[in-house]
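Residue numbers (this note's numbering), protein chains in the order written: chain A, 19 to 400; chain B, 19 to 400; chain C, 19 to 400; chain D, 19 to 400. Don't be surprised by glycine CBs; every beta carbon is placed ideally from N, CA and C. Input: a single structure, listed below in structure tokens.
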């Protein structure tokens, strides 16, 4: 078997997760990594068991063996690196957000179209098999017309004022945090499942900790919990810890999302409830192997992630039999499986099953409008 | 034992529930009922095992034996009947909503204050023991400063366009339905538990069925599910099936509620999540004997309704040991237990533990502002 | 309405619960109570709002107004009091266990048959509406042939060696405790739902605390948790804290139950899972308003206690709409409703819907065989 | 990095799962596979992206590059292949059951000890992080003295008489099925967590389908659900579909397990409840990222699989932050991570953290005694 050769840039929390997921695919091989500087890159490559280490991204792009590049660096680097990778003729899988601004994202979408190369954004949550099952239910008309959508995405890793991370710094993370970081995942899931488009938003943000304590040495995402209260500097915070956004969709149906990064006890919990004229579906990321299906005239259902029970489109994302839970790591594997099918065919499909740069642009656009709505205190068109 | 004599007016769905709850109290006796017309009143009194039947409310008010009157009639009658009852020198327990308008409610609050008689509104959901436990936790500072409140109240009894009930008719039910009927319960719980006051609201309503089919014969609340699709008349609907309201509280914290009466599979489900600077609490009316307590630095907790485990204030509302579930019928019993303690003392207490006409007024005020916000499409001060 | 007059004997934990449940019925009136000695009886009658107080049971039996007597005294008194009540021509509702021995119970069954009076045992757990729904499912063949039954009944109110109660003393409670107290409820539910008869048992008991600390003053059931570790006497315990019993039914199917009164955190939890050739059903007393229905070829179901969704036989036990949880107190109300229908007709029905003395005898028989099996360390025929 | 070279034998359901799990480790490389016959082996190696394909196991053993061999063939081949692999000087990871008989397993344990090579059995369920957390809780005394253990392991993949698989044939699978296949996992977890040894067993087996329909062409494990009812042959079944086993442990504590492969709706569900003198713990494989901790005197707890919250010993098995569910595939990865640490050190550790051939022997011994107990209908010493 000729394996597709891949290079991964950025080796913080999510880069190694990409690498591990890619390794599960029989026809893909991560041959190179890139991180800042030769020394760090080499050390990490050694730990990760990867052959080649590049201290400079451009050098990795210059490696002719590499067909596809994953961009897992901090947010503000996504745009220039994705652009450079496309220009170097690589297929590109980019972490979200795709870019810093809508304008940049539009540029990438156009550039990707021009090159014809595969472009994907790591909206991996779509790859929980029951997310696709809900989408397929909707496509088959099993939900009927959708009335309303209620979503929450709650975390607690920034609960204390002493919790700190680069995501708190607007110059690295953008003008929005809770909405951009986790709200974007939620919005993507909602549009993906319902097939609807958000056309108006009305937002209200809160910054629960207007000042935080920044540690004087760097720490990685999520590991912040472990920090001791020493060597901190005071930092004013201008991004939201919490936000609620009311939504209006293109068919007149309505919805609402709430996100928070300061909800004690909620480690990383998405709740999604979509009500249609036939049935309601409810899914929670903390028990991702179950979907609840609400009915007016008979018992409600709880459908397990079981390849023998879900729709064919969803079964394609399942590796293990019912009752053998799959989780977060499996979502990236399934996403990459679909992306690399396209990579092997050499070009972006006409109707990709995976999330693309266009989806990345879409989320940036929605985020911008949400931020604008919060500033204006009014409904804003998307 | 000298029992307190009570008369109950209105014998649809909720009146008999009041009667059954009152009978559980050793020191209260329902001696009379009132419904429209002598014949119906007598028949229902017979079925309910009540001594006296009044076809006219005024006649029941004239009965000197009766100390306290419960008003369980359709919404539009609450105001005139409560007023008459107070003027007749009775203590009054009124179903919600207290009145048709804020103005009427203000009149009742003033009148009640003048008479000094006990006045209560049947916000019975406060009497789930764990609702009071959450309130007590908050009072003791166990939640810390509250950051955010997320609430939903979802039903499906009006799911179909063929579902019909007097609550759908504005002349009987008012300008709002989902918010007034169930949103008011949710708002009451939120202010009751948090001790905060809503100071601004931003609402968005949806009428999922702008036309409904009205049956030509009358049916009682909740029994509508059983109706056959025959003998219906087309009726345009101008009240909301769904609403989301963003909330701002007097201390700057924020929240959101969503209510719906068209969510298939959700029979009558309240979800309430309150996040503070110390802990989060979550409670759901479908498993009312558990409260989830979220923590950042240790395992989350699930506290059962157990008199040995909850705060003393909550234990007072518990009749059975842990693991012996209590439910909806028990909430009214506990509410009345506290109301009739006041009745026996002959006057409204200074700081009543039970919900009063002032609470009923409060909910009408908030509802009015929510309706106004939906009309104006803007934030409105409460 | 002519109300049926009732007297209740024994006013510890469960007697007042009977009284409260009876009061919810429109056509029943508790007119008298009996407890040990005039003074106590009078004080308790006063608190409970009951007209007449009898210090002697025989005096209550001599009251011609009283048609039906409830026996809620400690276990060892059930037999003589039930016997006396039947002989006095009363209908009798007896707490479980019906008697101290199988022989006594047989005497009561025969005596009751001779008198023709209504006889019932308070196996109230049958009256959770979804218990009857599962029974009806089985009767209608919806479960198919039953393969296996797995049941647990776990409590923690005797968790500590310092937890003490009269139920720990064999002279008052019999040779078995966990099996007799809670196992009997579980066995009754299993035979009631499945319609099968246990024909062989194989038991293993454990006494986790072979010595306990007895308080020098009396305390009531369940309130023991509150005791301070003072004024205790050492008492050797010869009844089981824990038991597992393997079961064989008359059709060859099999099962197992485990009971424990020393499982920390399990306040009063029954779990019951019944697998048939068509479906599995699972029910838990901590969420009694849901039943889980397991299917091989489609999504599993969760059916809520909703009068519009359950079988008609179960809907008869439901007072409130779906989503308005009913609980433990409601089970006794529903049981008594069926019993008093018979009382008003003046005699035991041919096929009573409620549990009878014969059912009480049945549980004593099974308990005796379980105790024998544990002693013999072998399978024993029932 | 010098990667450890591995060969995997047997490519049905579980072999590819081993391969995928191994690939996630940065320092391990699966270089060869073995299946029956060159053609099949080559085809599967191609699909799996593995370099070398061996049609004969001995040829793979002769490959000097290969340091460690995984045996994933049908049960009856485990013994001869493990033996051959050890004799060839390889480290060995064997699927369960280790052998056909206790005698064979003893031979393997002795042989492994003689060679000093790493030997492991794929009891992967131990590697759910919260399983190890419960074990660590017990080691630290947080459970106190264990009173009782209740376990169930329920499946439905053999629910119908038309469900067929090689595991139904005693010549391939042994004298026991439900106990050997899934009961062994459960017993292993119980002894692993509690640190207790089962010293006596009392079993009762049931064969719900004494005759099954065998398809005329072969099918793989779990995929049987998809079979059509055609081309079947009648086959008498002599292994159990269901079993309950009462347990006694070396410290006098007691327990019970029930296993079934015919429980509709239970795809693959383990429930485990362990009660000690301080706390109870409960874990279910369908929500493996939560453990319930029961307490007598305070709220119960639900601890999530969060590296910041669990004991250090358990955190070592966690790759993703709290709220990012890990599942079944991750257990094998974590097991292999510990095994290959030993492989790199070249020999079996003194106190291996992973399950060894001795553990495989232990489970065979317990299974034999359980089978004997069922035959004798009596308690049997282990």
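query                                                                                                                                                                          : result
I'd like to know if the region 116-128 of chain C and the region 62-79 of chain C are in contact, where contact means that at least 3 CB-CB pairs between them fall below 8 Å. : no
With 16 other CB atoms within 10 Å as the buried threshold, where does residue 82(D) fall?                                                                                     : exposed
To the nearest angstrom, how far is the alpha carbon of residue 177(C) from that of residue 155(B)?                                                                            : 27 Å
Name the one or two DSSP bridge partners that residue 166(A) has.                                                                                                              : 272(A) and 293(A)
With respect to the beta strand (DSSP E) encompassing residue 280(B), which residues constitute its N-terminal and C-terminal limits?                                          : Residue 280(B) -> no beta strand (DSSP E), and no H or E assigned at all.
According to DSSP, simplified to helix, strand and coil, what is residue 387(B)?                                                                                               : helix
Of all the CB atoms in chain B, is at least one closer than 7 Å to the CB of residue 142(D)?                                                                                   : no
Is the beta carbon of residue 208(C) less than 7 Å from the beta carbon of residue 167(C)?                                                                                     : yes
If contacts are defined as beta-carbon pairs under 8 Å, then residue 272(D) and residue 171(C) qualify, I think. What distance do you get, rounded to the angstrom?            : In fact, because the Cβ distance is near 16 Å, the residues do not count as touching under 8 Å.
Select from 185(C), 287(C) and 111(C) the residue whose C-alpha is nearest the C-alpha of residue 378(C).                                                                      : 111(C)
Quick check on the burial criterion: 16 or more other C-beta atoms within 10 angstroms. Buried or exposed for residue 355(C)?                                                  : buried
Starting from residue 318(D), find everything on chain C with Cβ-Cβ shorter than 7 Å and list it in chain order.                                                               : 283
Three-state secondary structure (DSSP) at residue 201(C)?                                                                                                                      : helix
Does the beta carbon of residue 212(A) come closer than 7 Å to any beta carbon on chain B?                                                                                     : no
Against chain B, with Cβ distances strictly below 7 Å, would residue 290(D) count as a contact?                                                                                : no
So is residue 177(A) in contact with chain B if we call contact Cβ pairs under 7 Å?                                                                                            : yes
So, is the C-beta of residue 312(A) closer than 7 Å to a C-beta in chain B?                                                                                                    : yes
Can you find the residues in the same chain that come closer than 7 Å, C-beta to C-beta, to residue 390(B), ignoring five residues on each side of it along the sequence?      : 398
Which parts of the region 209-234 of chain D are runs of the beta strand (DSSP E), unbroken and 3 residues or longer, counting only runs that do not cross its ends?           : 216-224 and 229-233
Within 10 Å of its beta-carbon, does residue 221(B) have 16 or more other beta-carbons around it, so buried, or fewer, so exposed?                                             : buried
Could you tell me the boundaries of the beta strand (DSSP E) in which residue 308(C) lies?                                                                                     : 308-312
Please list, in chain order, all residues of the same chain as residue 199(D) whose beta carbon is under 7 Å from its beta carbon, the five residues on each side excluded.    : 185
Among residues of its own chain, excluding the 5 on either side of residue 89(B), which ones have a beta-carbon nearer than 8 Å to its beta-carbon?                            : 27, 28, 95, 96, 99, 100, 103, 110, 111, 112 and 113
Check each candidate in 51(A), 57(A) and 264(A) and name the one with the smallest Cα separation from residue 80(A).                                                           : 51(A)
Pairing CB atoms from the region 337-350 of chain B with CB atoms from the region 332-350 of chain C, are three or more of them under 8 Å?                                     : yes
Considering residue 32(D), what are the terminal residues of the alpha helix (DSSP H) in which it resides?                                                                     : 32-41
In terms of residue numbering, what span does the alpha helix (DSSP H) encompassing residue 148(D) cover?                                                                      : 147-157
Check whether the region 41-51 of chain C and the region 71-78 of chain C are in contact - that is, three or more C-beta pairs closer than 8 Å.                                : yes
Do residue 285(A) and residue 348(D) have their CB atoms nearer than 7 Å?                                                                                                      : no
Which ranges does the beta strand (DSSP E) cover as unbroken runs of at least 3 residues, wholly within the region 72-137 of chain C, from first to last along the chain?      : 86-89 and 109-112
Can you give me the C-alpha to C-alpha distance between residue 328(D) and residue 317(D), rounded to a whole angstrom?                                                        : 18 Å
Does DSSP classify residue 184(B) as helix, strand or coil?                                                                                                                    : helix
Does any C-beta atom of chain D lie closer than 7 Å to the C-beta of residue 52(A)?                                                                                            : no
For residue 327(C), return the contacting residues in chain A, with the cut-off set at a CB-CB distance below 8 Å.                                                             : 315, 316 and 317
Quick check: the Cα distance between residue 162(C) and residue 294(C), rounded to an integer number of angstroms?                                                             : 5 Å
Between residue 148(C) and chain A, is the shortest Cβ-Cβ distance under 7 Å, so that the two count as touching?                                                               : no
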